[in-house]
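K.L.:
No gaps in the numbering here: position 271 of the sequence shown is 270 in numbering that gives the first Met the number 0, and each next residue is one more. Yeah, the Cβ is synthetic: ideal placement off N, Cα and C, and Gly gets one too. I have a structure here, written as structure tokens, and I will follow up with some questions on it.
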Amino acid sequence: MRFGYFLSCEEYSPEQLVEQAVAAERAGFDALWISDHLHPWNDEQGQSPFVWSVIGALSQACSLPVTTAVTCPTVRIHPAIIAQAAATSARMLGGRFVLGVGTGEALNEHVLGGPWPSLDVRLEMLEEAVALIRRLWEGDVVTTDGKHYKVDTTRIYTLPDQPPSIYMSAFGPKALEVAGRIADGFICTQDDAQMVKEFKRLSGDKPAQGGVKVAWADTEDEGIDHAHRLWANSGVPGELSQVLPSPHHFEQASQLVTRSSTAASVVAGPDVDRHVEQLRSYVEAGFDEVYVANMGPHYLDMIEEYGARVLPALR
């Protein structure tokens, strides 16, 4: 069982992300997740550094494995470019890299002006993109004219010793079916034992990574305030998170999310037992790795306390 720290590119500057990664390694975390956004979910979060630049910095600042959680290799960035970026990242990290992929959100992917495809089309695009990425990682010259992607005499020259694993984020039966068929592992941000069980059945018991956010603070009320100010968007229901096109739309939708509903959905404050209990729920759901992010300004306190008290209790 591995416990990792989740770096949120939506909320923190690149310097803070590197600071968190170094602190997480020092505290005893086993690995890192890092999100990939062009936009934050709202202007209050206020950040969106380019994930591949940050990963390069992480490779020089600490020795923890890194998973993108997650990259969308279909609309905003062509899969051939993702293949090169991921290969370089894996090389710089000495093979300690997993390419986490997903079908993305309009928030980040609509920005070049094209239409936002339906879920079925996005899954089809993702499957084709993953196949192309893997083919490019073989190091050959590739020319292909697929349904969604073309490459012409394209070769990735800088490769790691072994190609990275590709994990896929999935919510719902259609995405789970694709993940079970094409992915080397599963990524999810819900402690849903049934989804983990179904993925493992479909994939032949491949690994699963789960992620969760907490709001460490001196008091529970302060932590709830940070979570609600920064991440009320997490309470936006259904498929809105995939189709709303801008931070301002998320801010409008988040007005329907009450502080009390945020309080009911997050672990906030300094109560170590509650933090242990939440991560244990992911362990009991069958995840092989669990990653935890902090919301708000007290990330160094959170990392230190997790290293001293939360992770030892879980282990």
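If I measure Cβ to Cβ from Asn35 and keep anything under 6 Å in the same chain, skipping five residues before and after, which residues do I get?
P.N.:
This sequence places Asp at residue 35; Asn is not what is there. Around Asp35: Val50, Thr67 and Thr70.
K.L.:
Kindly indicate which three-state DSSP category Gly179 falls into: helix, strand or coil?
P.N.:
Correct three-state label for Gly179: helix.
K.L.:
Helix, strand or coil for Met294? Go by DSSP, reduced to three states.
P.N.:
Coil at Met294, not helix or strand.
K.L.:
Is it the case that the region 108 to 115 contacts the region 90 to 98, given that we only count it when at least three CB pairs across the two stretches are under 8 Å?
P.N.:
Cβ pair count under 8 Å is below three, so no.
K.L.:
Considering only residues of the same chain and omitting the five flanking positions on each side of Thr157, which have a CB-CB separation below 7 Å?
P.N.:
If we look at Thr157 and ignore the five residues flanking it on each side, its Cβ neighbours are Ala86, Thr87 and Arg90.
K.L.:
Starting from the Cα of Thr142, find the closest Cα among Val150, Trp136 and Leu135 and give me that residue.
P.N.:
With distances taken between Cα atoms, Thr142 lies closest to Val150.
K.L.:
For Leu131 and Lys196, I'd like the C-alpha separation in whole angstroms.
P.N.:
Roughly 28 Å separates the two Cα atoms.
K.L.:
Candidates Asp42, Cys61, Ser52 and Gly45: which alpha carbon is nearest Tyr18's?
P.N.:
Residue identity check: residue 18 is Glu in the sequence provided, not Tyr. Of the candidates Asp42, Cys61, Ser52 and Gly45, the one whose C-alpha sits nearest the C-alpha of Glu18 is Cys61.
K.L.:
Under 8 Å, Cβ to Cβ, is there at least one residue of chain B near Val242?
P.N.:
No chain B is present in this structure, which holds just one protein chain.
K.L.:
Under 7 Å Cβ to Cβ from Ala128, same chain only, skipping five residues before and after it: list those, please.
P.N.:
Closer than 7 Å at Cβ, skipping near neighbours: Pro72, Thr73, Pro78 and Tyr148.
K.L.:
Which residues bound the beta strand (DSSP E) around Met167?
P.N.:
Where Met167 is concerned, the enclosing beta strand (DSSP E) stretches over Ser164 to Ser168.
K.L.:
Would the region 290 to 304 and the region 207 to 215 be scored as touching if the rule is three or more Cβ pairs under 8 Å?
P.N.:
They touch, by the three-pair rule.
K.L.:
Tell me the residue span of the beta strand (DSSP E) that contains Leu144.
P.N.:
Before going further, note that residue 144 is Asp rather than Leu in the sequence given. Run containing Asp144: Val141 to Asp144, per the beta strand (DSSP E) assignment.
K.L.:
Going by alpha carbons, who is nearest to Pro163 out of His38, Val289, Gly94 and Glu303?
P.N.:
Pro163 has its Cα closest to that of Gly94, out of His38, Val289, Gly94 and Glu303.
K.L.:
What distance in whole Å lies between the Cβ atoms of Gly27 and Gly209, which are believed to be in contact at a cut-off of 8 Å?
P.N.:
That pair is no contact at about 19 Å.
K.L.:
With DSSP run on the structure shown, which of helix, strand or coil describes Phe286?
P.N.:
DSSP places Phe286 in coil when its eight states are reduced to three.
K.L.:
State buried or exposed for Ala174, treating a residue as buried only when at least 16 other CB atoms are found within 10 Å of its CB.
P.N.:
Its Cβ being crowded by 16 or more others within 10 Å, Ala174 is buried.
K.L.:
Could you say which of Leu313, Leu299 and His225 lies nearest to Val266 if we only look at CA atoms?
P.N.:
Nearest option by C-alpha distance: His225.
K.L.:
Among the candidates Pro13, Leu6 and Asn41, whose CA atom is the shortest distance from the CA of Glu24?
P.N.:
Nearest option by C-alpha distance: Leu6.
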